[in-house]
Amino acid sequence: MHKKLVEIKNLKTYFFVEDTEKQKSLHQEISDPALMDLYKTDKYLKNKVPAKAVDDVSFDIYEGEVLGIVGESGSGKSVTAYSITRLIPDPPGKIVSGEIIFKGKDLLKISFEEMKKYRGNEISMIFQEPMTSLNPVMKIGDQIMEAILNHEEIPKEKAEKKAIEMLTLVGIPSPEKRLKDYPHQFSGGMRQRVMIAMALALHPSLLIADEPTTALDVTIQAQILELMLRLKKEREDSAILLITHNLGVVAETCDRVIVMYGGKIQEISEVDPLFEKPLHPYTVGLLSSLPNPDLPMEELKAIPGNIPHILELPKACKFNTRCTKAFDKCFETEPELLEVEKNRFVRCHLYENEK
Amino acid sequence: MTTYFIRRFLLIIPTFLGITLVTFLILQIVPGGPLEMELMKIRMGGSDGVSESGSTSGSTQNIPQSAIEELQKFYGFDKPIHERYILWLGNLLKLDLGKSYVYSEPVMDVITSRFPISIYFGLIGFILTYIVCIPLGVYKAVKNGSKFDFITSALVFAGYAIPGFAFGALMLVLFGGGSFWDVFPLGGFRSSDYETLSLSGKIWDQIHHTILPVASYMIGSFATLTILTKNSVIENLSQDYIRTAFSKGLTEKRVIFGHALRNSLIPISTGLGHAISLVLAGSILIEKVFNINGIGLLSYDSIIQRDYPVVMGILVISTLLLLVGNILSDILYAIVDPRIRFK
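So, in structure tokens, the structure goes:
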């Protein structure tokens, strides 16, 4: 296995929302000292309860890998990713505790000023909405150059040359001309290519892609994924954190997968074993809800019910309200994340005895 | 896009004709025109002469019919109204706005002598408003919900609720040397001894006369522009491209001024073109309160005195400014927002 690029330990990112009813009973419930401290020091949190978007999440990202995070909307996957670059809107969001160790440095302990040196340089991001993620009144060339000049002290001409190079690399025809175009003059797929060019201009060690293909046509999706993987290969030790709810995308691109539900990691696995033999009932549900062309339409199996509201998540296993295999213990205690095989973790009472 | 603007410019012609025609008709149909005023004056003069005889009820009998006809001819009322309009329009094409009844000077001269004063006050108020409101709006947006935001909002809205002329009157009562403080002059453009002052004295005198009127000009537009800027910046700060900008590692300052503000200026800049006509047209009530001899006061007096040529002259200029200002807004819009392309 490669070296660890990022080590995330016990990350807790909460959003604080107003709820006077729940607030009354809250103080008896807080057992987490870090959260207690926050409540003591921050006046803003008065009358507010924490919505635990990411609750005690630990995982590693290795050099050279493509790591996927899957889960339904509201499972905490995007918040996990934004926590790495500390782009959580505060208020209402706060990283309560945890460590994010990137190349030996805890990103949660450094100053905001220092954090800016990592963003766009060491860690870049691509977002879901290519249509709105670029500034509509700025030429795309200027937007790419801005990213370069923000981190490197080079003359403008050199930055422009680099921008042209990047646009060529991501497959935008006649880049010298397109440099002077505005985002609205590009299609969705082309804009996402511009985003990729911008994100990769400084050869980051980690690329965080938050549902980069969700808003695109299926044919374009494949092109964009292929482009990301191709560019990643040019820098051997760089890694991609791919956030998606599309298991098809995971199967095609990822080396390892993290399955999230209710703000917690439910399963970590290498890709092939996960698809061959999913362990967690949630993962099983996700996989069987993929349309299978061999089966008639009626057999499309959805996971019963909906993901509960973030403030109404069950106390024990987060999935117990929808799990078909839930038994008494699932409603009493929360299972631990257990390593059931090598590099295979699952958070489920069903597998506790196998160890 | 050029054809669009050419079309817009050509559209000025029918709009202009419509506005002037309606005003011309209303103005001349309304009773109490200059003819009646002149006759009244003669009658009053006559009654003055015979006041001792106790005759208060003047009658037209005193004025010979030939004199009335002569007056009618002098004012051009011997011709039917449509003919008068066409005549006026014809003169306008020759850039001749006629002669003022009251000042007996060409209308053009009367107006141009007042213009600099209105432009002076209007422009200073206008520039100050933009210089203060945009940074204030941005700062309020960044500090949204803070004590500073709350207090400035309260002040700005209080200002919005007070009409400019009322605020001006209040300021004069407080600072005009009446019962309270004697800080500012009661009005006027400059002191009567302005010419005798030294250079620094002149500058100070000018500033001294400027502060209260300009504050009255600004107070109303302050709220609109500040809150517009604030809301616009807040809206833009929550956009996806702001997240992208932060993810590039830009500083907060750069994100706000380089990205959010540029987008926020789009709705603000469209107001600029329109504001130009407001600046030049002056404010009737504020000029009245401060006794400033600007366009506003001139148009007020001209209407009261039924000085038709001056009223029409001011109308021509303000209409043209408004129409051109609207087109200017569109051009500005197209400049600041590359997505806008008029067809």
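Going down the list, the sequences are from chains D and C. Counting in our numbering, the first sequence runs from 36 upward without gaps. Counting in our numbering, the second sequence runs from 5 upward without gaps. Cβ atoms here follow ideal geometry from the backbone N, Cα and C, with glycine treated the same way.
| the region 302-321 of chain C contacting the region 241-251 of chain C, beta-carbon criterion three pairs below 8 Å | no
| Residues near Asn295(C) in its chain [Cβ-Cβ closer than 7 Å; skip 5 each side] | Gly191 and Gly192
| Span of the alpha helix (DSSP H) around Glu211(D) | Pro210 to Arg213
| Runs of beta strand (DSSP E) wholly within the region 203-253 of chain D (minimum 3 residues, chain order) | 241-245
| Interface residues of the region 261-277 of chain D facing chain C [CB-CB below 9 Å] | none
| Since Leu260(D) contacts Thr248(D) with CB under 8 Å, what's their CB separation in whole angstroms? | 6 Å
| request: Tell me whether the beta-carbon of Ser349(C) lies closer than 7 Å to the beta-carbon of Phe171(C). | output: Nothing can be reported for residue 349(C), as the shown portion of chain C is limited to 5 through 347.
| query | Mind checking if Ser251(C) is an interface residue toward chain A, Cβ cutoff 7 Å exclusive? | reply | Within the model displayed, chain A is absent; protein chains D and C are what it includes.
| request: Answer with yes or no whether the minimum CB distance from Asn267(C) to chain D is below 7 Å. | output: yes
| Extent of the continuous beta strand (DSSP E) to which Ile275(D) belongs | Ala274 to Thr279
| Taking C-alpha atoms, which residue in Thr7(C), Phe13(C), Ser268(C) and Gln32(C) lies nearest to Asn330(C)? | Phe13(C)
| query | Who are the neighbours of Arg154(D) on chain C, taking C-beta pairs under 9 Å? | reply | Phe250, Ser251, Lys252, Gly253 and Leu254
| Just by C-beta distance, which residues in the region 172-193 of chain D are closer than 9 Å to chain C? | Val172, Met173, Lys174, Gln178, Glu181, Ala182, Asn185 and His186
| query | Nearest CA to the CA of Asp272(D): which residue from Lys81(D), Ile96(D), Asp90(D) and Asp77(D)? | reply | Ile96(D)
| request: Closer than 7 Å by beta-carbon distance: list the chain C residues that pair up with Leu202(D), in chain order. | output: Going along chain C, no residue has its Cβ under 7 Å from Leu202(D), so there is no contact; the nearest lies around 16 Å.
| task | Could you confirm whether any beta carbon from chain D is found closer than 7 Å to the beta carbon of Pro342(C)? | result | yes
| said: Can you look up Lys267(D) in the DSSP assignment and give me helix, strand or coil? | reply: helix
| request: List in chain order: all unbroken beta strand (DSSP E) runs of 3+ residues lying wholly within the region 106-169 of chain D. | output: 128-137 and 158-161
| Would Glu269(D) be called buried (16 or more neighbouring beta carbons within 10 Å of its own) or exposed? | exposed
| said: What residue range does the beta strand (DSSP E) around Asn45(D) cover? | reply: Lys39 to Glu53
| request: Check the Cβ of Leu143(D) against every Cβ in chain C and list those closer than 7 Å, keeping chain order. | output: What Leu143(D) touches in chain C: nothing, since even the nearest Cβ is about 17 Å away.
| field | Proximal residues to Pro127(D) (C-beta, below 6 Å), its chain only, five neighbours per side dropped | value | Phe50 and Phe51
| query | When DSSP labels each residue in this structure, what does Gln301(D) get in the three-state scheme? | reply | strand
| request: Starting from Tyr97(D), follow the beta strand (DSSP E) in both directions and report where the run begins and ends. | output: Lys83 to Tyr97
| query | Within this structure, are the beta carbons of Ser333(C) and Thr274(C) separated by less than 7 Å? | reply | yes
| query | My guess is that Tyr105(C) and Pro313(C) are in contact by the Cβ rule of under 8 Å, so how many angstroms apart are they, rounded? | reply | 7 Å
| message | Can you tell me whether Val469(D) is helix, strand or coil according to DSSP? | response | The displayed coordinates of chain D run from 36 to 390. Any statement about residue 469(D) would go beyond what the structure contains.
| query | Considering Arg379(D), what are the terminal residues of the beta strand (DSSP E) in which it resides? | reply | Arg379 to Val381
| What's the call for Pro85(D), buried or exposed, on a 16-neighbour Cβ count within 10 Å? | buried
| By how many angstroms is the C-alpha of Ile46(C) removed from the C-alpha of Gly62(C)? | Note on Gly62(C): pLDDT 46, under 50, position unreliable in the model; the coordinate value appears next. Those two C-alpha atoms are separated by around 10 Å.
| query | Can you tell me where the beta strand (DSSP E) with Leu375(D) in it begins and where it stops? | reply | Before going further, note that residue 375(D) is Val rather than Leu in the sequence given. Looking at the DSSP string, the run of the beta strand (DSSP E) that includes Val375(D) is Leu373 to Glu376.
| task | On a CA-only basis, which of Ala232(D), Asn281(D) and Lys364(D) is nearest Lys197(D)? Give me that one, please. | result | Ala232(D)
| Euclidean distance between Cα positions of Lys138(D) and Glu100(D) | 15 Å
| Members of the region 313-338 of chain C near chain D, C-beta cut-off 7 Å | none
| From Glu42(C) to Ser236(C), what distance separates their C-alpha atoms? | 56 Å
| request: Using a Cβ-Cβ cut-off of 7 Å, state whether His212(C) counts as contacting chain D. | output: no
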